[in-house]
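Notes follow the structure.
Protein chains: 4
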Amino acid sequence: MTFFRTFLSTIADAGRELLDVHQGRNAKSGDVKALCSDLITQKGEALGTALALAVVEAYQSYDAAQKLSFFKMLLTDFDVDEAALNAAIAAYQKAPGPLAAQKVGMGAESLRQRVIRGVNMAPGGTRAVINMREDLLDMVRDESSLEAVDADFAHLLSSWFNRGFLELRRVDWSTPANVLEKLITYEAVHEIRDWEDLRRRLDADRRCYAFFHPALPDEPLIFVEVALVKGLSGSVQELLDDTLPRISADSADTAIFYSISNCQKGLRGISFGNFLIKQVVSELRAELSNLNTFSTLSPVPGFMRWLQSVRNRSDEAKKVLDILDGQDWLNDPDLQDQLQLPITQLCAHYLVNEKRKGRPLDAVAKFHLGNGAGLERINWLGDVSAKGVGESASLLVNYKYDLAKIETHHEAYANEGIVAHSKRIAKLLDEPLVFTES
Amino acid sequence: MTFFRTFLSTIADAGRELLDVHQGRNAKSGDVKALCSDLITQKGEALGTALALAVVEAYQSYDAAQKLSFFKMLLTDFDVDEAALNAAIAAYQKAPGPLAAQKVGMGAESLRQRVIRGVNMAPGGTRAVINMREDLLDMVRDESSLEAVDADFAHLLSSWFNRGFLELRRVDWSTPANVLEKLITYEAVHEIRDWEDLRRRLDADRRCYAFFHPALPDEPLIFVEVALVKGLSGSVQELLDDTLPRISADSADTAIFYSISNCQKGLRGISFGNFLIKQVVSELRAELSNLNTFSTLSPVPGFMRWLQSVRNRSDEAKKVLDILDGQDWLNDPDLQDQLQLPITQLCAHYLVNEKRKGRPLDAVAKFHLGNGAGLERINWLGDVSAKGVGESASLLVNYKYDLAKIETHHEAYANEGIVAHSKRIAKLLDEPLVFTES
Amino acid sequence: MTFFRTFLSTIADAGRELLDVHQGRNAKSGDVKALCSDLITQKGEALGTALALAVVEAYQSYDAAQKLSFFKMLLTDFDVDEAALNAAIAAYQKAPGPLAAQKVGMGAESLRQRVIRGVNMAPGGTRAVINMREDLLDMVRDESSLEAVDADFAHLLSSWFNRGFLELRRVDWSTPANVLEKLITYEAVHEIRDWEDLRRRLDADRRCYAFFHPALPDEPLIFVEVALVKGLSGSVQELLDDTLPRISADSADTAIFYSISNCQKGLRGISFGNFLIKQVVSELRAELSNLNTFSTLSPVPGFMRWLQSVRNRSDEAKKVLDILDGQDWLNDPDLQDQLQLPITQLCAHYLVNEKRKGRPLDAVAKFHLGNGAGLERINWLGDVSAKGVGESASLLVNYKYDLAKIETHHEAYANEGIVAHSKRIAKLLDEPLVFTES
Amino acid sequence: MTFFRTFLSTIADAGRELLDVHQGRNAKSGDVKALCSDLITQKGEALGTALALAVVEAYQSYDAAQKLSFFKMLLTDFDVDEAALNAAIAAYQKAPGPLAAQKVGMGAESLRQRVIRGVNMAPGGTRAVINMREDLLDMVRDESSLEAVDADFAHLLSSWFNRGFLELRRVDWSTPANVLEKLITYEAVHEIRDWEDLRRRLDADRRCYAFFHPALPDEPLIFVEVALVKGLSGSVQELLDDTLPRISADSADTAIFYSISNCQKGLRGISFGNFLIKQVVSELRAELSNLNTFSTLSPVPGFMRWLQSVRNRSDEAKKVLDILDGQDWLNDPDLQDQLQLPITQLCAHYLVNEKRKGRPLDAVAKFHLGNGAGLERINWLGDVSAKGVGESASLLVNYKYDLAKIETHHEAYANEGIVAHSKRIAKLLDEPLVFTES
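Chains as they are written, first to last, in the UniProt record's numbering: chain A, 1 to 438; chain B, 1 to 438; chain C, 1 to 438; chain D, 1 to 438.
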């Protein structure tokens, strides 16, 4: 680590020296366009990482407007060489074949990609590229022309963050604080209130694993929080309750994946979660032979939205919503009893049957079912936080990962859109349908 | 490290388990084509790294003929989707633009690339991809149709081994033996005879640096050997002579880069050397402020071949070669005196003036001059080994790296083909030209 | 680390197995006295670490009364072998000489020491020995007969924690959380409120260093907190104020050691602080060449107690105390102005002239002056916390560490009890003495 | 590591600076006696590690005669304070008790011990102390008065190298070369010829473990070489034969400890071997559950000497020796057949029955039997090297470590001198005694 820091500062010094020479000779100093041009010509090779560093530092000094100009410059001035592309296409059309097609591919590659590859060479370059994309994603919303720029960033990042380059690391209380604080920052499902809360989540009966990329050694890309328990858990408040007694990891039979969070906005769209869960299942099985069940405890973030959307078409939905919206059911055990069955049935229906293009409406369901998990149980009053109630009507769902069934589940899901589910769920669906579309 | 090993074996176990299930359900087990197909469909995502591992293990079990079939399969069955490419081209031609061009690029990307990315996901996958390409490079010589396959490997490896992902590490006598033995194996310039010889090269007045990639933690990609000396060195036998007195690193003023070797055949064509030398110059300057000269001591591997080629056109070349070929000059100081000036002049001429397409004929000269180094000195009797005499007529050349001049040198070279050289070399060229083309 | 944990659990397993066998054969199982006896005979060698582990585990299960019995047993049953000692004395008196004296030494060594050495062999044994001594120190207060037991613990720990075995490590925000939390726990001078407060103390313009012992890799023994500032600091509230602007470490000229805390009660009396401060001065000078002043910002914990003790003998002390005790001076700038000079003079007098056995009364002064530091400045309103006001009347003192003067200072102090002090302090003392002993 | 080196050089620099000041003021500079005196007074505390470093550097510059003077100075000038010792004795005799006895102990402790503790504080101090003792051990042979000095070194080193401070580490081909070369240097039983030979001993079916002390991170203290095999091995030449087929570690049932070597002469008399073997047995059992037998393959270094000593008293010994001494039996299978039984019987007798003070004559036997191992098998032609034939008549012995029997074996051995042995050995002893004392 010490070495690495020295190395970075040394390379930066060397960079600066080479660059001072470069800029001393070049009145265009500070002209980022010129720097980017140099970066992708032979000069880029000769000046090593100095030019890349200059681009990174220039970018870091920019305000929002300058960043927008930078990306527009990449769009306009470092686009595809149309003449070359057209020539490659003509050659391919005249004499098709693998090599001719490859030349089309090369011709269609924008100069931007070479600029981005060049920037990555700077010390801290990978971090810089990810930060650029994070900014860019914000701008694309208003400037859809920048989509082409984003596509180039996404293409390269996706190749660089191939699963084969990621390291799974266990995160615990002996992990450096600068890594741990990122868990607090990025936890997206069940907020980590403070360091005490974090510490509870890293106790002996808990596990936390994250993927790291060697170019970002202190930055988790994605992490999952796991509770070791006896039997399936249905309530996240119970899991996070610091006052409840703990069990020894050796006596647990079930691992509950109760939270999974991405940390790098700049890597949006590059999926790690499916690898992470399966890898952690393997790790846990290797460490604790007593574990026999691996399940998530997941929100149903689209449930309330869907319920509202069918209010006018479903008597049951309407009845349920009238209570949910109009009464203080969270403090009324009788109302809770009244709600439990119909709302659970409605949720089962929502998760198993409600689809768009053959896939579940619910994003979380889509993710786990697409990974080959099965819908195991729906838990009433599983998350009574404001967010849990507002989005999921307090429901939390167990998606079960059974390595022996992952492929069959996945295949049935991929080919026929079938949502694998337990007998318990089947029974909910079989019973007199409380939900009746009108 | 321990963790990493555990991790690999765990992932392999998980892989195997998922795969057993997969293969149990799939009579096509062992059908690598099917595995590769699965790898690039949704199934690849669901089965994680298991499929990738299966492909790697299948490949590792192959003999040469099976490997050839494997690559031919990649060529034929995982080529570009022509229909999709043609459609993308048609759309682009109808309405050109950055996104349309990108779609052409995607259409022109062969399925092979996705297979290779998939294979990389396996534990040890990067190693496997490099090994595949090493095999492939041997086959391409006889099977030029495989060039398209090689181009895909080269494209991905080049992106993955971007300078930004490489780590510079100093290699010394406290480096693990499994890394050190690779220096012995891969030293390509001046053979390392045994561990004692290696140890001498890692002494306190020596330095060795290598680039590593995080996915190959024990495998140097390229390494450079440096001697710390007083004044320019002209003889490699002197540098490697274990009986000569040593100096303290603090008292040296010159760093001699006397050997630079690539270690991974499978990464052929991906250039690290230019980055390595400049980075090491920076490292050494940071460590030892007394150093003021950084220079190579390099062979002239094409010199004798060129000299023979001009024998009939040059009286001087003929005279020189008559002695070199016909007499025992290595043991005759008088003959050596006679040879020194004309042969040095011939070499200066060869390096400075003899070009093809505006670049020096000599591969080593081309490399260092392209990096912005300058031709400093030519050393008679610099390498009297059989190889040194046979290829370079015993000459060794100092190419000097002066950070302050690298850009000007590079630019003059790149734009006008000018070979930067010292006054000493200029004087050799200015003196009555011993070499006269007939 | 992973390896180490595995190692500990393995050794523990082996221990347990050997011990099961041992105890199976031995009805006295659970009899700690028997275990201790076995530990110091040949059996100790044969059963490796198993017996040691058994003693540790037995001790860990004890309540306070049992622990007391344990130490009394050590006192009574594992004392010196009087017969052997008397024989060695007789032999020495008959024929004195180095070897005879050594035999007296060996004869005077209690069996306890061998038991403690034996316990140290257990996995985690060093931790266990320190914990035992921590308990013991509490008991010695009431049971002075246990002093002999404590002396044996102290003797061995002092030898084991020789400066040569300690590692200095910088502690920063990338340090593992389980180490950082110990800073929060053990900070003894200026309480660390929470993780945010801690983080401020580890910022780029701060430094924290600690000594570690290899047998306690996650446990700081002592740590010092340093602020990098411009000019001498006089107020700790200012140093800890998170809202004040920060400076870059490169622009600081002064390092302020504002807190130094011991972490291991069980190592009481074994001094590390003098080594720590000098070592950190060296580290900082090597890292930041711009630093030219190294000074503490220290409390005067005995000042108010002393002031009260001379109230009746000194008019000035009485006047000052009448204000301090009776009025709301902390909120009254006029009173503060009135107090500043006399109270600072009184403190200068207290620190420079008030001694017991030739050494300053004040414990903190004694520590730094004994290390060769000099008394540089006394700061009014330096620490306005309740503790600062109650003990030190809000004063904080700068003791300056000047490597070039450490030896002269130390010698004058050691030989003649002279308190080295700055001109500023001398002026305070020279001015009409506000303090007049009555 | 980098940090550690920086740390050492920093501390050395600081040391030097403090010392320059010290010596500038002290005309006695270079007077090691004065330095040692300072080291054990308060000055030692004030000057930190500077004085210690000065002593170490002075010592390192000494030739043999100066070293001898140094140790004599320690003997004479830093001996026990006789007056203090006599006073402590008098007080003890007047009023015996634990504290009084302790004071005798303190009085009997020579000033040398404090000097040695002081030297240990220098950077590299532990290494320096061990090196001093290594020199001292050579001198003690001729200068027996130095025994008292050696006893002080031994006492402190023994305390510092307590088992609780040692780390067991596996050594393999990924271990740093500077550690591995020490195996080649220190292998004391079966010479390691070169790096290829070493590599064979670190293969996948081999294990090597060593104890390290944190103060000597690159220096093994003792190491053991293990072969994983099927069934008991009887021949070391077979084990070391690189041409024989290897087995996978997973398929082995037996671990053969075929070599155990101490590395630090300066730690002579401080026993690690018994801990090492048992610890490695535990490690191997944890790693490879298929192992069920743990045994040495050991020389019988005293056998030939003993055989010669009984030549005149035993017809059998005489007959055997007549062949061994007079004929080329190593190349004569018939003679070998003739020798095998009587020589094996003689060896069994030698190991089981021949004792001095109730312990086996043979040093290796004494070591393993004292550890609780049992005599399992005697192998004819087990080591046909010159050394093996010369000392052990080619015999190698298996001592078996069975954790379940270690305590009983040890106890029978310790209390009654019984040599635990297998039925096979018992049979050898029961058969008509070929050895007949005359």
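Quick reminder that beta carbons are idealized off the backbone N, C-alpha and C, glycines included.
{"Item": "Nearest neighbour of G105(A), chosen from N120(A), I116(A), L85(A), R114(A) [CA to CA]", "Value": "L85(A)"}
{"Item": "C-beta contact flag for D172(D) and L202(D) at 8 Å", "Value": "yes"}
{"Item": "G382(B), DSSP secondary structure in three states", "Value": "coil"}
{"Item": "Contact under 8 Å by Cβ, D349(A) with Y399(A)", "Value": "Sequence check: residue 349(A) is His here, not Asp. The answer is no: Cβ separation not under 8 Å."}
{"Item": "Helix, strand or coil at G24(D) according to DSSP, with G and I counted as helix", "Value": "Residue confidence for G24(D) is low, a pLDDT of 42 falling below 50, so the modelled location carries little weight; the figure read from the coordinates is stated next. Note: G24(D) maps to helix in three-state DSSP."}
{"Item": "CB contact flag (L216(B), R127(B), <8 Å)", "Value": "yes"}
{"Item": "Alpha-carbon to alpha-carbon, R141(C) and I277(C)", "Value": "31 Å"}
{"Item": "Cβ-Cβ separation, V80(B) to S110(B) (assumed contact under 8 Å), whole Å", "Value": "5 Å"}
{"Item": "Boundaries (first-last residue) of the beta strand (DSSP E) holding A255(D)", "Value": "254-262"}
{"Item": "Where the segment 172-193 of chain B meets chain D: residues whose CB sits under 9 Å from a CB there", "Value": "D172, W173, S174, T175, P176, A177, N178, V179, L180, E181"}
{"Item": "Which listed residue (A88(B), V56(B), L146(B)) has its alpha carbon closest to that of D77(B)", "Value": "L146(B)"}
{"Item": "Chain F contact for D250(C) (CB, 8 Å cutoff)", "Value": "Within the model displayed, chain F is absent; protein chains A, B, C and D are what it includes."}
{"Item": "Cβ contact check for the segment 250-261 of chain D and the segment 284-302 of chain D: 3 or more pairs under 8 Å", "Value": "yes"}
{"Item": "Distance between D135(A) and N371(A) (C-alpha atoms, nearest Å)", "Value": "30 Å"}
{"Item": "Chain C contact residues for residue 440(A), given Cβ-Cβ distances below 9 Å", "Value": "Nothing can be reported for residue 440(A): it is not among the residues displayed for chain A, which extend from 1 to 438."}
{"Item": "Contacts around C208(D), its chain only, beta-carbon distance under 8 Å, and the 5 residues preceding and following it disregarded", "Value": "R170, V171, D172, L183, R201, L202, F223, V224, E225, V226"}
{"Item": "Under 8 Å between C-beta atoms of L428(B) and Q345(B)", "Value": "yes"}
{"Item": "V236(A) beta carbon less than 8 Å from that of V300(A)", "Value": "no"}
{"Item": "Same chain, Cβ closer than 7 Å to I267(A), neighbours up to 5 away in sequence not counted", "Value": "Note that residue 267(A) is Leu in the sequence shown, not Ile. Cβ within range, chain order: I130, L157, F161, L221."}
{"Item": "Residues bridged to H410(C) (per DSSP)", "Value": "For H410(C), which the question treats as bridged, DSSP gives no partner whatsoever."}
{"Item": "Environment of P245(C) [buried if 16+ CB atoms lie within 10 Å]", "Value": "exposed"}
{"Item": "C-beta neighbour in chain D for R114(C), strict 8 Å", "Value": "no"}
{"Item": "Per DSSP, the bridge partner or partners of residue 439(A)", "Value": "Summary: the structure shown does not reach residue 439(A), with chain A confined to residues 1 through 438, and so no result is reported for it."}
{"Item": "Under 7 Å from the C-beta of W195(D): neighbouring residues of chain B", "Value": "W195"}
{"Item": "Where L396(D) falls: helix, strand or coil (DSSP)", "Value": "strand"}
{"Item": "F367(B) (DSSP reduced to helix, strand or coil)", "Value": "helix"}
{"Item": "T296(B) burial status per 10 Å Cβ neighbour count (16 or more: buried)", "Value": "buried"}
{"Item": "Extent of the continuous beta strand (DSSP E) run through S37(B)", "Value": "Looking at the DSSP string, S37(B) is not in any beta strand (DSSP E); the run it does join, the alpha helix (DSSP H), is 32-39."}
{"Item": "Partner residues on chain A for N120(B), Cβ-Cβ distance less than 9 Å", "Value": "N162, R163, G164, F165"}
{"Item": "Run of the alpha helix (DSSP H) containing E238(B), from where it starts to where it stops", "Value": "236-240"}
{"Item": "Under 8 Å from the C-beta of R117(B): neighbouring residues of chain A", "Value": "S159, N162"}
{"Item": "Cβ shell of L321(C) (< 8 Å), same chain only, five flanking positions each side left out", "Value": "L307, Q308, R311"}
{"Item": "Integer Cβ distance of D152(A) from Q113(A), believed to fall under 8 Å", "Value": "5 Å"}
{"Item": "Below-8 Å beta-carbon distance, L136(D) vs any chain C residue", "Value": "no"}
{"Item": "Runs of alpha helix (DSSP H) lying entirely within the segment 178-213 of chain B, each at least 4 residues, in chain order", "Value": "195-201"}
{"Item": "Distance between I260(D) and G388(D) (C-alpha atoms, nearest Å)", "Value": "16 Å"}
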